[in-house]
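K.L.:
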Amino acid sequence: MTILLIHPDPACHCDTLPQPAATEALCCRGFDAPGALLSALRDVHGTDIDLVVIDAGAHLQDCTQADGHALLGALEGLPMPWIEVQHAAAPTLDEWLHPRHAARVVVRDGGSDRYALPLAVARHCVRVQAGR
Numbered sequence: 000m001t002i003l004l005i006h007p008d009p010a011c012h013c014d015t016l017p018q019p020a021a022t023e024a025l026c027c028r029g030f031d032a033p034g035a036l037l038s039a040l041r042d043v044h045g046t047d048i049d050l051v052v053i054d055a056g057a058h059l060q061d062c063t064q065a066d067g068h069a070l071l072g073a074l075e076g077l078p079m080p081w082i083e084v085q086h087a088a089a090p091t092l093d094e095w096l097h098p099r100h101a102a103r104v105v106v107r108d109g110g111s112d113r114y115a116l117p118l119a120v121a122r123h124c125v126r127v128q129a130g131r
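Note that numbering that gives the first Met the number 0 gives residue 105 to position 106 of the sequence shown, counting from 1, and the numbers run on in steps of one.
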């Protein structure tokens, strides 16, 4: 099982996050602008990733209407389910950008444990899909 976490901190590394079980893999990709988020979403095609966890963070404030339409196209084109991490005090993806995501997980900002719940939900979703 492989989960990709796309998050708004290009300097963040997976080793600072809750580690998966031995049979699981966690990949991380940071971004610093809407265009980099789109690239990250497009790059998952042809990979062995089972589920994507997306934390768009404050970068959504920088999105233009064209960015929004491109983001919708990238999300609809994902070959696997995805989960949005929503910070309690940050902007979220608009409702029309949720064509078929697995869940929305609301977390409090801050701390290295902010991804513990979203990653646990992601692992559960992948196990359910695999029939485990």
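Just so you know, even glycine gets a beta-carbon here, dropped at the ideal spot from N, CA and C.
1. Assuming Val-52 is part of the beta strand (DSSP E), what are its boundary residues?
2. Quickly, what does DSSP pair His-86 with across the bridge? List them, please.
3. With the cut-off set at 8 Å, would you say Ile-53 and Ile-5 are in Cβ contact?
4. Please classify Gly-34: does DSSP put it in a helix, a strand, or coil?
5. Bridge partners for Leu-4 per DSSP, in chain order?
6. Whose C-beta lies closer than 6 Å to the C-beta of Ala-121 among residues of the same chain, with five residues either side of it excluded?
7. According to the neighbour-count rule (16 or more other Cβ atoms, all chains shown, within 10 Å of its Cβ), is Pro-33 buried or exposed?
8. Return the chain-ordered list of same chain residues with a C-beta closer than 8 Å to the C-beta of Asp-66, the five sequence neighbours on each side being excluded.
9. Given Pro-78, which residues of its chain have a CB within under 8 Å of its CB, disregarding the five upstream and five downstream residues?
10. What whole-angstrom Cβ distance do His-12 and Cys-27 have, given they're in contact under 8 Å?
11. Around the Cβ of Val-125, are there at least 16 other Cβ atoms within 10 angstroms (buried) or fewer (exposed)?
P.N.:
Let me spell this out:
1. Here residue 52 is taken as the residue at index 53 of the sequence shown, counted from 1. Here the beta strand (DSSP E) through Val-52 covers 50-53.
2. For this step, residue 86 is matched to residue 87 along the sequence shown. Checking the DSSP bridge columns, you'll see His-86 partnered with Val-106.
3. As a working mapping, residue 53 is identified with position 54 in the sequence shown. As a working mapping, residue 5 is identified with position 6 in the sequence shown. Contact: yes.
4. Within the sequence shown, residue 34 is the residue found at index 35, counting from 1. Three-state DSSP puts Gly-34 in a helix.
5. One-based indexing of the sequence shown puts residue 4 at position 5. DSSP lists Cys-27, Val-52 as partners of Leu-4.
6. The count along the sequence shown starts at 1 and reaches residue 121 at position 122. The residues are Ile-2, Leu-50, Val-52, Ile-82.
7. As a first step, residue 33 is located in the sequence shown; it is residue number 34 there, counting from the start. Pro-33 is buried by the Cβ-count criterion.
8. As a working mapping, residue 66 is identified with position 67 in the sequence shown. Around Asp-66: Pro-33, Gly-34, Leu-37.
9. The residue you call residue 78 lines up with position 79 of the sequence shown. The residues are Val-43, His-44.
10. Taking the first residue of the sequence shown as position 1, residue 12 is located at position 13. Taking the first residue of the sequence shown as position 1, residue 27 is located at position 28. With a Cβ gap of about 7 Å, His-12 and Cys-27 count as contacting.
11. Taking the sequence shown and counting its residues from 1, one reaches residue 125 at position 126. Its Cβ being crowded by 16 or more others within 10 Å, Val-125 is buried.
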